[in-house]
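Here's the structure, in structure tokens; my notes come after.
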């Protein structure tokens, strides 16, 4: 089972070759939380304001099955 | 005589307009302004009287029939607050004026600098060092002489916002600090005024509509402990796009059309060209 991690906006800077159409394929065990995936990818949790799992907004402690689409969104604040 | 019959009797430029199977009338702006001026009417009021008499000033007639005459009149009578006249706010103010929103309140305490020129509509070599709201108001009144513009050449805060919000139907967020945004969201909620939020970062952007009954919306957008140590502004096309989405939503709000971004976050992805709509609450 493969998790599809979709990085958005400024989070893409952490992966220079990031393909916004494919996202990042990540293998995770069922029960792994969003926060654990974020940590494994080396992303700063503090920069993530919106977590979407299969189109539903979730919290960092949400446990994943391992085959979802995980969208991560940072704050966008410029004017 | 009613205003309608007075106008109809006096205007030599009055013409019938048939478009898309619908019919209305137009009159030249100069003649309307001259006629109303002779009656002692302010330019804003002349356009109001004309639209109320089913006569479109030619400068607005291409909005017909996308807008009905009643809808254009409603927009003309509306007052909208633009908070910040930099990147987002410059485009917003310009679009609102083109749309025929008749009354704008423009607030910004900042002045134009050279580094604003890559994205801020009213920044030019001639306006460097001048207050952004004042410049925007002056420029808009040149292109739209009947527009009512109130300029506030200072940053609005929790103390000054309520008095301004009490006069407007919608507030547009064109701010660039989280503290100012939080103050806007809180005071608008108390004042019962809808906010169309917008923000940009590079080629990315977002828009969300916040109504007074939504409660505390700031954490839904920025988390409970937000820190944007390093604010990156948008590039011009992204700024223009986000401002445009905000003004289109403001139009829906003012006319009672179904909202596109209420309880939702529209995320603009400038890498893929996609607009993603996320549930916010």
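Protein chains in written order, with the working numbering: chain A, 503 to 581; chain B, 1373 to 1653. The C-beta atom is built at its ideal place from N, Cα and C for all residues, glycine as well.
For residue i: DSSP bridge partner residues
{"i": "residue 565 of chain A", "result": "A/535"}
{"i": "residue 1428 of chain B", "result": "B/1398"}
{"i": "residue 554 of chain A", "result": "A/559 and A/573"}
{"i": "residue 1651 of chain B", "result": "B/1636"}
{"i": "residue 1390 of chain B", "result": "B/1395"}
{"i": "residue 1579 of chain B", "result": "B/1570 and B/1638"}
{"i": "residue 1522 of chain B", "result": "B/1477"}
{"i": "residue 527 of chain A", "result": "A/506"}
is_contact[residue i, chain A] using C-beta, thresh 7 Å
{"i": "residue 1509 of chain B", "result": "no"}
{"i": "residue 1651 of chain B", "result": "yes"}
{"i": "residue 1546 of chain B", "result": "yes"}
{"i": "residue 1594 of chain B", "result": "yes"}
{"i": "residue 1576 of chain B", "result": "yes"}
{"i": "residue 1542 of chain B", "result": "no"}
Within-7 Å CB hit, residue i to chain B
{"i": "residue 522 of chain A", "result": "yes"}
{"i": "residue 578 of chain A", "result": "yes"}
{"i": "residue 560 of chain A", "result": "no"}
{"i": "residue 581 of chain A", "result": "yes"}
{"i": "residue 537 of chain A", "result": "no"}
{"i": "residue 551 of chain A", "result": "yes"}
Nearest to residue i (by Cα), restricted to the options the options
{"i": "residue 544 of chain A", "options": "A/516, A/523 and A/525", "result": "A/516"}
{"i": "residue 510 of chain A", "options": "B/1566, B/1574, B/1438 and B/1583", "result": "B/1574"}
{"i": "residue 571 of chain A", "options": "A/557, A/513 and A/533", "result": "A/557"}
{"i": "residue 1585 of chain B", "options": "B/1519, B/1563, B/1397 and B/1521", "result": "B/1563"}
{"i": "residue 1411 of chain B", "options": "B/1429, B/1379 and B/1436", "result": "B/1379"}
{"i": "residue 1629 of chain B", "options": "B/1641, B/1427, B/1620 and B/1396", "result": "B/1620"}
{"i": "residue 528 of chain A", "options": "A/519, A/508, A/577 and A/563", "result": "A/508"}
{"i": "residue 1460 of chain B", "options": "B/1440, B/1577, B/1651 and B/1399", "result": "B/1577"}
{"i": "residue 1537 of chain B", "options": "B/1555, B/1551, B/1550 and B/1548", "result": "B/1555"}
Min CB distance residue i to chain E below 7 Å
{"i": "residue 1573 of chain B", "result": "In the structure shown, chain E does not exist; the protein chains are A and B."}
Starting from the N-terminal side, write out each stretch of the alpha helix (DSSP H) that is 4 residues or longer and does not extend beyond the region 1456 to 1490 of chain B.
-> 1459 to 1471
Contact between the region 1544 to 1563 of chain B and the region 1523 to 1530 of chain B: three or more CB pairs below 8 Å?
-> yes
Inter-stretch contact (C-beta, 8 Å, three-pair minimum) for the region 1639 to 1647 of chain B and the region 1487 to 1500 of chain B | no
Beta strand (DSSP E) runs contained entirely in the region 1595 to 1631 of chain B, provided each spans 3 or more residues | none
Touching by the beta-carbon criterion (3+ pairs, under 8 Å), the region 1530 to 1544 of chain B and the region 1453 to 1462 of chain B = yes
Can we say the region 1606 to 1613 of chain B touches the region 1479 to 1493 of chain B, given the rule of at least three CB pairs closer than 8 Å?
-> yes
Does the region 1392 to 1401 of chain B come within contact of the region 560 to 570 of chain A, defined as at least 3 CB pairs closer than 8 Å?
-> no
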